[in-house]
Amino acid sequence: MSHEKTPGNRRISNRFFKSLRPLLFGCWVPFWLVGPLSILAGGGPENVLLVVNAADPSSLMIANYYQSWRGIPGRNVVYLTDIPERQVTTLEIFRERILRPILSEIEQRQLAGQIDYIVYSAGFPTAVNIGEHVKLLEKQMEGQINPAGGPNRMYNPRASINALTYFAFAVMADNPSYLTLNANWYYRDLASTLLARPFLNETQKSYEQAVNSLQSQDYDAAIEELTALAEQHPQQVAVHYQLARAWAGKQDTIRCRDSLREAVRSGWCYRDFTLADEALTAEIRTEEIQALLPKIPDEPFEFMPTRGFQFRNFWAPNGSVNGNPQQGRQYFLSAVLAVTQNLGNSELEALEQLRRSVAADSTNPQGVFAFTLTNDVRTRARQSSFAAAIDRLKALGHEAEVVTNVLPNRGPLAGVSIGTANFNWPQARLELVPGAIAENFTSFGGVMERTGQTKLSEFIRLGAAGSSGTVIEPLAIPNKFPHPMIHVHYVRGCSLAEAFYQSVASPFQLLIVGDPLCRPWATLPTFEIVDWESDYPLSGNVEFNAKVKPNSAPIAGYEIYIDQRLITRQAELTKFAFDTRQFADGFHEMRIIAIANTHLRHTGQQILPFAVDNQSRAVKFVGAPTEPISIDTPVKIRVEATWGQKILIYHNLREIAQVDGQAGEVVIDPRVLGRGPVVLQAIAQAPQSPQESAQPEANIASPPLYLEIKGPIGKEIPLREPALLNPQPKK
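Just remember that this note's numbering sits 2 ahead of the position in the sequence shown, which is counted from 1.
Structure, rendered in C-alpha cells:
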C-alpha cells in the first residue's frame, strides 16, 4: 500500500489505532476528540474528503470534474495507489490499503472533526468480504443469531465499501456490531424510541430510575437525576422532555417551560403529543407554556425528526445526540460517485449524472413521488410504511402515491421506490426530475460484478442523483433497504447522503452511488461580499463586509477559512478585518461559509482568492499553456520565484514535480493528473530556522494554474445495458 506524498507526510502510529478499540460492546470510540471542529451540517464541500484511485483514469477524471463542480478544497482530496482492480476485495486489503490511509490522511491534514463525508470516486472495489467479522458476531452472541446451526444468511459475509466507511470506527476496532439490524443510530426510527432508550449501561439505568421516580410522583428524585444527565448530555432530547414533565409535577411553570424549550432545541417536534401528555396537563394551560406551544412543530408522533448530520455527533440508541463517546456512535457519511466497471455506467453517463445533480441544488423540482405495490414480496416488505411517507410528502406540498404496477405510469418523477428483480425503464418512457432519488428493493441491485437482476446503474443512467443496491443476497429484510421516509428527509432539505443514512437501519450491505451532496429542496443561505478588492496584492490590514441577499435562509453565523484552515467564527460579518502580515506573501484563498439558522444548518459559501505582498516575495508560472492539453502529450511548465531554494509543484496536495533553485522548467505527464479541469500550484521553499519552522511564512504559494486536459470520454457501457441483458417481467 502507498499513497501520495504530501508535505510533512508521516506514517500513522500504532497508538493512533489503539485508541479505536471500543470501551464497551456496541459503543465505538473515535480516534480524535480534539481539533478544529466545524459547526456545519453535512453538505458543504469543506466537509468532504474525496478519495481517488491514482492509478485509475476514470477515477482521476470523475474526481477532477466533481472537485471543480462542487468546489472541494485541494486539501480535501486524497490519492491512493495499490487499489485492487476486482469488484470484491478482502477485509484486510480494504482496511490496510483504503480505510487506514484515509483516516491517517484526515489526521495528518488536520481535518479531524471537519470531515463529515468520505466520498469515493470511481475505480474502487464496491464490495468487501467480511467473513471474519460475521464469525466474531456469532461468537459474541453465542449462537443466538443462528440457533439451528449452519451459516445464517441474514448476515451474509459481504459489505459495501461505503457502509464499511460509514462504520469506520467499528471496522478498524474489529467490532462486528455494525452487522446487526439496528446498527445505525442515525436512522430515524419510530418516535416512541426517543423516550425509551437514550443511553447505554449504567447511564441508561440512571435514566430509567429517574423515569420510574417520575411515574411514582417522586418529582424531587426525578429532577435530581435528570438534571445531572442534562448537564452531561445537553443535546439529549429525552432528558429535557422528561425534565419538563417532572417540573410540571412540581408545578414549577418557568422551569417546565425552560426544559420544554430545550427539548424543542434538541429536536422535539410533537405538539399534539405534548398537548395530550397527562403529566403536562396542568402546566399546558399556563400563559408561559401557551406562548411556547406555537414554536413546537406539529409532527405526528410516528417517526423521529429529520436531522442534519455532523461527524462530531455521538448518535445515541434513541437517535438523538449524546455528548460523549461512551454513550453514542460516530459515523462518516459515505458514497461512491460512480461505478465504471462491469455492470456500472460509462464515463459519460457518470459525468452527466453528476453535472445534473450539482445543478439541481436548491431548485425545488416538481414531480410525483411514487411507491410501487405489486404481489412481489419486494414491494410488500415496505407496504406498511408507504402511507406515513405519502402523508408527510403531501403535507409538504408534493404529489405522492402508491402505484400498483411494476413501474410508475406517469411522471415526471421527483422520487421513486420500487421492488422488482428486473425492469425496463426506457420502455416505460418515464422521466426523473434532476436531483431525484430512485431505488429498488431487490437482492442483487448492487452486485456489479455479475448479471442477474437490473442494477442500480440503470437509475444513474436514467438521470437519478443517487440510487442504491445490496452487494449480496440480503433476504427481504426492510432494515437493509431505504425506508420510504427517505424521500421525506430529502424534501425537507437534507443532502442525498443524509437522506439515505437516516432511512436505513442496517446499511452494511447497501451500495450507495451518486452525488452525496445533492440538495434539491434545501433553502440555502446566500450573501455577497462588499468592499473587497483583490485585483492587486494586499498588504497591511484589510477590511470587508458581508451582505445577506434577499430570499436567503436566515443566517446564524459565519465561518472563515484561509488556505483551507478555520480561522474564526462570527455571528455576523460587519467590517470584518484581518492583518495580511499574519500570512506569507503569495497566493491565498479565503472561504466564507454562512450557516443557516434552521434545524438542518444548511450552508452557503463565497470563495475569495487574494495575493499578499508585504515582503516582496513571489512565485509564479511563466508561459503556461492556455489552451486545452492532450492527455497523451507531456507538457512543459516553467516556474520562477523571487525567494527560496527550491520550488515544488502540487496537484491538490500531491507533489508532482520539483525545481531546484528559484527558476526552472519541468515536464509533466498529463496522465498523472487525469482528464478534466486541473489546478496546479507552485510552492517556493527555503531552509527554515527553528523560529520559522512553525510559521506559514516559510512557504510562498503561486497563483493557481488552471489546466484543461482533454481526452476521449468513454461512451460505451462497460457491459451491455442491464435492462436489456436481463429478462423482463411479464406483462
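The C-beta atom is built at its ideal place from N, Cα and C for all residues, glycine as well. In this text, all values refer to a predicted model and were calculated from it rather than measured experimentally.
Buried versus exposed, by CB contacts within 10 Å (16 or more), serine 508: buried
Distance, Cα to Cα, glutamine 89 vs lysine 141? 29 Å
Considering phenylalanine 529, what are the terminal residues of the beta strand (DSSP E) in which it resides? 529-532
Where proline 527 falls, given that 16 or more other Cβ within 10 Å makes a residue buried: buried
Measuring CB to CB, does glycine 325 end up less than 8 Å from histidine 235? yes
Pull up the CB-CB distance for alanine 340 and valine 473, whole angstroms please, since I reckon it's below 8 Å. With 8 Å as the limit, alanine 340 and valine 473 do not qualify as a contact, their Cβ atoms being about 16 Å apart.
Considering only residues of the same chain and omitting the five flanking positions on each side of valine 674, which have a CB-CB separation below 7 Å? Ile658
Option in Pro127, Glu289, Val370, Leu51 with minimal Cα separation from histidine 400: Val370
Applying the criterion that 16 or more other CB atoms from any shown protein chain within 10 Å of the CB defines a buried residue, is proline 714 buried or exposed? exposed
With a CB to CB cut of under 8 Å and the five nearest residues on each side skipped, what residues in its chain are close to aspartate 274? Asp300, Pro302, Phe303
Which full runs of the alpha helix (DSSP H) of 4+ residues lie inside the segment 516-581, going along the chain? none
Between the CA atoms of valine 614 and phenylalanine 585 - distance to the nearest angstrom: 8 Å
Unbroken stretches of the alpha helix (DSSP H), 4 residues or longer, contained in the segment 305-391: 349-361, 379-382
Only counting the same chain, and skipping five residues up and downstream in sequence, which positions put a Cβ closer than 6 Å to that of glutamate 545? Lys577, Ala579
Which same chain residues, not among the five before or five after valine 669, have their C-beta less than 6 Å away from its C-beta? Pro636, Lys638
Which one or two residues does DSSP pair with aspartate 662 in a beta bridge? Lys648
For lysine 648 and isoleucine 633, what's the separation of their Cα atoms in angstroms? 27 Å
Please work out which residues of its chain come closer than 8 Å, Cβ to Cβ, to leucine 277, disregarding the five sequence neighbours upstream and downstream, and give them in chain order. Ile286, Leu295
Separation of asparagine 616 from aspartate 191, as counted between CA atoms: 57 Å
Short Cβ contact (8 Å threshold) for valine 121 with valine 53: yes
8 Å CB neighbourhood of glycine 542 in its chain, flanking five on each side removed: Asp581, Thr582, Arg583, Asn616
Helix, strand or coil for valine 173, going by three-state DSSP, please let me know. helix
Residue range of the alpha helix (DSSP H) that methionine 63 falls in? 59-72
Cβ shell of glutamine 329 (< 8 Å), same chain only, five flanking positions each side left out: Cys29, Phe201, Leu202, Thr205, His235, Phe316, Ala318
Determine the DSSP secondary structure at phenylalanine 19, reduced to helix, strand or coil. Residue confidence is low: phenylalanine 19 scores 32 on pLDDT, short of 50, so the model does not pin down where it sits. No coordinate-derived value is stated.
Given this structure, state the Cα-to-Cα distance separating glutamate 500 from glycine 468, to the nearest angstrom. 12 Å
Restricting to Cα atoms, I'd like to know which of Thr92, Asn164, Pro59 is closest to glycine 471. Asn164
So, is glutamine 368 buried or exposed, given that buried needs 16 or more other C-beta atoms within 10 angstroms? exposed
Considering Cα atoms alone, identify which of Leu464, Phe461, Val449, Lys457 is closest to glutamate 475. Val449
I'd like to check one pair, valine 532 with asparagine 553: are the Cβ atoms closer than 8 Å? no
Boundaries (first-last residue) of the beta strand (DSSP E) holding serine 419: 415-420
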